[in-house]
Amino acid sequence: MKVYNTLSRQKEEFVPLEAGKVKMYVCGPTVYNLIHIGNARPMMVFDTVRRYMEYKGYEVNYVSNFTDVDDKIIKKAVEEGVSAQEISQRYIEECKKDMAAMNVRPATVHPLATQEISGMLEMISTLVDKGFAYAVEDGTVYFRTRKFKEYGKLSHKNLDDLQAGHRDIKVTGEDKEDSLDFVLWKPKKEGEPYWESPWCNGRPGWHIECSVMAKKYLGEEIDIHAGGEDLIFPHHENEIAQSEACNGKIFAKYWIHNGFLNIDNKKMSKSEGNFFTVREIAEKYNLQVLRFFMLSAHYRSPLNFSAELMEAAKNGLERILNAAQNLQHLQKNTAVDMMTQEEAEIFAGSEAFVEKFEKSMDDDFNTADAISAVFELVKYCNTNVTEESSRELLEKLYQRLESLCDVLGLILAKEEEILDEEIEKLIAERQAARKEKNFARADEIRDILSEKGIILEDTREGVKWKRA
C-alpha cells in the first residue's frame, strides 16, 4: 500500500510503527456552528482510509478531536448570552448527528480540548524547561520557532522567506523575541473561560491542543496525521515543532492532506452566498449521495461542488443500489439453492473487480478508480444473473458488492417501501389497541407509520392515511 506523504512530497510504502496496528490522528472541527460541506470532506475521506485499513486487517486506533475552546465559540456564546461550554456541547451533538447521517464511524476516541488542559500545561512546562518556549510579562507563553531547526519541513517554507513577507502569518505581539514565534498559552480576556497556569489565568493556543491529544491517546510517535490541506501551515507545522521539541522523537510518520472543496468553481464563503451546511444538503439529497460525490474524485484533488455534479452522483449511486436490489429480489424468488460449476466460474470471475478495487485503494486511496471497479462489478452482476440463478451465487455476489461498498461507506440496503396491506393491518391493530385503552401501543404504531412516511388522520368516517 502506497501513501502520498506531504512531508516527502512523494508516495511511500506504508509500513506501520507496530505490525498490524495503525495509530491515526485527524484534526476535527471547531464546534461553534453546524458543520459545512468543507468540514465533511476530510471526515468522509479519512473515515474511508480508516475503513480500508480495517478491511486490510489492521487494528486502527482512530483519534479525532473537537476544538471546544476558541475565539469563534466565545464570540457565538457572547452573541447568544450563554456559556462557551453550552455552545460547544450543542454543536458537538449536532456534528455527531451529521457524521452518523454521512455514515462516518465514530472515532475510537473523540477528545475535547477543554478536558486535556493538564496535559497542555505539562507539555508547555517541558518546552519552557528545554528552552524551546518562554513566558513574557503578561503571562503569554511563546514557542521559539527558530530554535527548532527543522521548522518548515512539512510546508517546505523557509523561515527567512517568512520573515521577509507573509505578514498574515506573523502573530502579533510586541513582546515576542521573534515575530515568527507562536503562542502556546495566552492570558484570558474579560468574560472568557480560563484555566489557572504557572504563567497566568488563561487558555491554550490552538496548536498545542492537537499535539497533547495525539500524545495522550496515541503516544509520542504516530503512524498517520491527517486533515485538510489548509492545516499544513501553520497548524501542522507548529504541531511538529512542539511535539518533536518536547518528546525528542519523530511525531508522525505519514502526513496526509485532502484538497479544497470549491462551490461552482469558487471558494466557499458566506459573503459569496455559496456556503452550504451538511443539513442544507440533506434537505435535497440523501447524504449517501454527498459521500458518493466526495469519493468520486481523488482525495488530494481540488473538488468542485455543483448541482449538476450532485445529480450525476445521485444517478451513479442509484445504478449501484439498483443492482444490489436486483440481486436481493432474485435471491428471494429463486427456486435453486446451490451453485452449479458454471456459476462457480462466474463467481470466480468477479474476483478481478475486487483486485482492481484493492489495487486502486492501495495506490494512495484512489477512491475514484475504486468506484470504477465497483461499477464494473455492477455491470458484471447485471449481465451474469437471471431468475434461474442460484441463491448461493446471488448471495455471494451481493456480499462481494456489499464488502467493497462498505469500505467506501456506502449502504446498499434501500428502505423497502411499506405496502398498502401492511399499512391497513397496522391501522387495524392500532384501532384495536385504542379500544383496549392500550394507548402506548397505539402511539407506538402511529410513530412506526410516521417513520415510514405514512400520515394518519382520525376522522368521523374512521382513520384515513396518506403518504408524506
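Heads up: the sequence shown runs through residues 1087 to 1554, numbered per the working numbering. All C-beta atoms in this analysis are idealised placements derived from N, C-alpha and C, irrespective of residue type, glycine included.
Which partner residues does residue i have in the DSSP bridge list?
i	result
LEU1347	LEU1389
VAL1146	VAL1108
HIS1122	THR1363
PRO1290	TRP1271
VAL1227	ALA1221 and TRP1271
GLU1099	LYS1088
ASP1544	VAL1549
ALA1430	According to DSSP, which records beta bridges pairwise, ALA1430 is partnered with nothing at all.
I need the straight-line Cα distance from residue i to residue j, nearest angstrom please.
i	j	result
HIS1252	PHE1319	For HIS1252, the pLDDT reaches just 49, beneath the cut-off of 50, and the residue's location in the model is therefore unreliable, although a value from the coordinates is still provided. Going by the C-alpha atoms only, they are around 12 Å apart.
GLU1306	THR1226	26 Å
THR1426	GLU1104	44 Å
LYS1182	ASN1470	41 Å
ALA1475	GLU1429	According to the sequence as given, residue 1475 is Ser; it is not Ala. C-alpha separation (whole angstroms): 8 Å.
LYS1442	GLU1366	35 Å
ASN1401	GLU1325	42 Å
TRP1341	CYS1467	38 Å
ASP1264	HIS1322	20 Å
ASP1254	ALA1410	Residue confidence is low: ASP1254 scores 47 on pLDDT, short of 50, so the model does not pin down where it sits. No coordinate-derived value is stated.
GLU1166	SER1357	22 Å
GLN1249	SER1446	42 Å
I'd like to know if residue i contacts chain C, where contact means its C-beta is closer than 9 Å to some C-beta of that chain.
i	result
LEU1463	Chain labels in this structure do not include chain C; a single protein chain is all it has.
Less than 6 Å between C-beta atoms, sequence neighbours within five positions excluded: which residues of the same chain meet that for residue i?
i	result
TYR1090	LYS1097 and ASP1450
ASP1156	THR1116
PHE1234	ALA1327 and ALA1331
VAL1460	LEU1490
VAL1131	ASN1344 and TYR1385
VAL1422	SER1476
State the DSSP-derived secondary structure class of residue i, mapped to helix, strand or coil.
i	result
THR1453	helix
VAL1440	helix
ASP1309	strand
ASN1091	strand
THR1472	coil
ARG1253	Bear in mind that the predicted position of ARG1253 carries a pLDDT of just 48, short of 50, making it too unreliable to give a figure here.
GLU1488	helix
THR1200	helix
ALA1186	helix
GLY1277	coil
LYS1233	helix
GLY1435	helix
Does the distance from the C-beta atom of residue i to that of residue j stay below 9 Å?
i	j	result
TYR1303	TYR1111	yes
ARG1532	ARG1516	yes
SER1329	LYS1352	no
ILE1203	TRP1281	yes
VAL1101	MET1139	no
LEU1395	PHE1346	no
ASN1344	ALA1312	yes
THR1153	GLU1295	yes
LEU1198	THR1363	no
VAL1493	TYR1141	yes
Looking only at its own chain, which residues have a Cβ that is under 8 Å from the Cβ of residue i, when we skip the five neighbours before and after it?
i	result
LYS1262	VAL1222 and TYR1228
Apart from the five residues on each side of it in sequence, which residues of its chain come closer than 7 Å, Cβ to Cβ, to residue i?
i	result
PHE1361	HIS1122, MET1354 and SER1355
MET1424	SER1476 and GLU1478
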